[in-house]
Amino acid sequence: MSEKQTSVFNDLNDVDVSKKVKEKGKLTYLSWASAWAEVKKRYPDATCKVYPQIMDEFGNKRFWHDDGKSGWVEVGVTIGGQEIREVLPIMDYKNSSISAENITSTEANKSMKRCLVKACALHGLALYIYEGEDLPE
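Residue numbers (my numbering): 15 to 151.
If you want it as structure tokens, here you go:
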């Protein structure tokens, strides 16, 4: 990691978002609006990008991937010239994967916004929220 990247990480990792953290069920999360506001306050040139813009069979652009079984979104956040991408499954309100044929733009959009927050976390913002997330139940 370059000195500039370390500086961005340390700066965002030091942000106290404890008053903005919410709980839903057994999960703790930071809203996408709060996450993006904290990033933009410190790095006004920060950008986010949704990958890819896929053309569906009707000629419409959509912002999620699927393999015929389930779907996922991919978001990149660029701060100080470094882009970090994150991928997240499209899930229902129970955080269970949705089958590809049942994905709606609403669930895909919610997953995209969650993915944005996780990409910000990889830059350092509220990373502590995700500690232990990958542990078996």
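We treat Cβ as the ideally placed atom computed from N, Cα and C, and that holds for glycine.
Unbroken beta strand (DSSP E) run spanning residue i, endpoints
| i | result |
| --- | --- |
| Leu-102 | 96-103 |
| Lys-54 | No beta strand (DSSP E) contains Lys-54, which is instead part of the alpha helix (DSSP H) from 46-56. |
| Lys-38 | 35-38 |
| Thr-120 | Taken as a continuous stretch (DSSP letters only), Thr-120 belongs to no beta strand (DSSP E), being part of the alpha helix (DSSP H) at 119-136. |
| Gly-90 | 85-93 |
| Lys-63 | 61-65 |
Beta-carbon proximity list for residue i, same chain, < 6 Å, skipping 5 on both sides
| i | result |
| --- | --- |
| Val-31 | Leu-44, Ala-140 |
| Leu-26 | His-137, Gly-138, Leu-139 |
Same chain only: Cβ atoms within 7 Å of residue i, ignoring 5 sequence neighbours per side
| i | result |
| --- | --- |
| Glu-52 | Val-29, Val-31, Leu-139 |
| Leu-136 | Ile-98, Glu-100 |
| Pro-150 | Note that Pro-150 scores 49 on pLDDT, short of 50, meaning its location in the model is unreliable; the coordinates nonetheless yield the value given after this. Here the set comprises nothing. |
| Glu-71 | none |
| Arg-76 | Ile-68, Asp-70 |
Neighbour-count burial assignment, residue i, 16 or more Cβ in a 10 Å radius
| i | result |
| --- | --- |
| Met-126 | buried |
| Ala-133 | buried |
| Ile-68 | exposed |
| Ala-122 | buried |
For residue i: DSSP bridge partner residues
| i | result |
| --- | --- |
| Trp-42 | Looking at the sequence shown, residue 42 is not Trp but Thr. DSSP output for Thr-42 lists Glu-37 as bridge partner(s). |
8 Å CB neighbourhood of residue i in its chain, flanking five on each side removed
| i | result |
| --- | --- |
| Asp-81 | Ala-114 |
| Val-35 | Thr-42, Tyr-43, Leu-44, Ala-140, Ile-143 |
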